[in-house]
Amino acid sequence: MFNRLMLVYKVLLVGVLANVIFVSLLQAQSPVPDAKPAALNPSRYHPNRLPKRATLYYNLDWGVDSLSVKSVESGELIRFSYRILDPEKAALLNDGKVEPALYGDRSHVKLVIPALEKVGQLRNKNTPQAGKSYWMAFSNKGGYVKKGDRVSVVIGSFRAIGLIVE
């Protein structure tokens, strides 16, 4: 009887020791880092960061810089803005006779500038001046183009390709 009792105590002691060692090993492990919240911009590229060659191309050939595309008015409008460096080269961008279009790479849609009854088209048509910024707004009814999407803006022979919507 005494041998049996000693055997039970030994088994219990081994079980307790194994449990203590197991728990201490678990506590010694490094904690799991908290998951980072999902990024707002699904693209890994930074908005408005054109390659130097593209920036130089738009500066020299078209007389514009600071090209940007932003989602505004809760995503109902996509605003394309730019700054004029050379008014003669950039005259096409403000020409009221040329119809601008914005193409969504992901959604394969063509957005146009809406014409409002009292306001007219949502774009600048006045004569460009050096150093001033201009804009045009494309209708995005239905939300086909979203923040982080790549888009192309086409105005006559002007093409701004691969811009990222902020």
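The working numbering puts the sequence shown at residues 24 to 189.
Just so it is clear, CB atoms sit at the ideal spot from N, CA and C, and this is done for glycine as well.
From a predicted model like this one, the values you see are computed outputs, not experimental measurements.
Cα-Cα separation, residue 96 to residue 152: By one-based count along the sequence shown, residue 96 stands at place 73. By one-based count along the sequence shown, residue 152 stands at place 129. Between residue 96 and residue 152, the C-alpha separation is close to 27 angstroms.
Spatial distance of residue 156 from residue 110 (CA atoms): One-based indexing of the sequence shown puts residue 156 at position 133. One-based indexing of the sequence shown puts residue 110 at position 87. Between residue 156 and residue 110, the C-alpha separation is close to 11 angstroms.
Backbone secondary structure at residue 167 - three-state DSSP: For the purposes of this step, residue 167 is identified with residue 144 of the sequence shown, where counting begins at 1. Reduced to three states, the DSSP call for residue 167 is coil.
Cβ-Cβ separation, residue 163 to residue 122 (assumed contact under 8 angstroms), whole Å: Your numbering for residue 122 matches position 99 in the sequence shown. Your numbering for residue 163 matches position 140 in the sequence shown. In fact, because the Cβ distance is near 17 angstroms, the residues do not count as touching under 8 angstroms.
Backbone CA spacing between residue 138 and residue 80 [nearest angstrom]: By 1-based counting over the sequence shown, the position of residue 138 is 115. By 1-based counting over the sequence shown, the position of residue 80 is 57. Going by the C-alpha atoms only, they are around 31 angstroms apart.
CA-to-CA distance, residue 181 to residue 73, given in whole angstroms: The residue given as residue 73 occupies position 50 in the sequence shown. The residue given as residue 181 occupies position 158 in the sequence shown. Their Cα atoms are separated by approximately 16 angstroms.
Span of the alpha helix (DSSP H) around residue 80: Your numbering for residue 80 matches position 57 in the sequence shown. That run of the alpha helix (DSSP H) goes 75-80.
Pair within 9 angstroms by beta-carbon distance, residue 124 and residue 145: Counting from one through the sequence shown, the residue named residue 124 turns up at place 101. Counting from one through the sequence shown, the residue named residue 145 turns up at place 122. No, Cβ-Cβ distance for residue 124 and residue 145 is not below 9 angstroms.
Per DSSP, the bridge partner or partners of residue 132: Reading the sequence shown from its first residue, position 109 is the one you call residue 132. Answer by DSSP bridge pairing: none, since residue 132 is not bridged.
Distance, residue 169 Cα to residue 129 Cα: In the sequence shown, residue 129 corresponds to position 106, counting from 1. In the sequence shown, residue 169 corresponds to position 146, counting from 1. Approximately 9 angstroms between the Cα atoms of the pair.
Beta-carbon contacts of residue 85 that lie in its chain and below 7 angstroms, excluding the five residues immediately before and after: Here residue 85 corresponds to residue number 62 of the sequence shown, with the count starting at 1. Taken in chain order, the residues that qualify are 112, 113 and 181.
Strand pairing of residue 144, partner residues [DSSP]: Stepping through the sequence shown from its first residue, residue 144 is reached at position 121. BP columns for residue 144 point to 138.
Nearest candidate by alpha-carbon position, reference residue 94, set 154, 148, 134 and 116: For the purposes of this step, residue 94 is identified with residue 71 of the sequence shown, where counting begins at 1. Among 154, 148, 134 and 116, the Cα nearest to that of residue 94 belongs to 134.
Any chain B beta carbon closer than 9 angstroms to residue 139: The structure shown contains no chain B; it is built from a single protein chain.
Selection from 154, 185 and 120 that minimises the alpha carbon distance to residue 106: In the sequence shown, residue 106 corresponds to position 83, counting from 1. Ranking the options by Cα distance to residue 106, first place goes to 154.
Reduced DSSP secondary structure (H/G/I, E/B, other) of residue 108: Your numbering for residue 108 matches position 85 in the sequence shown. Three-state result, residue 108: coil.
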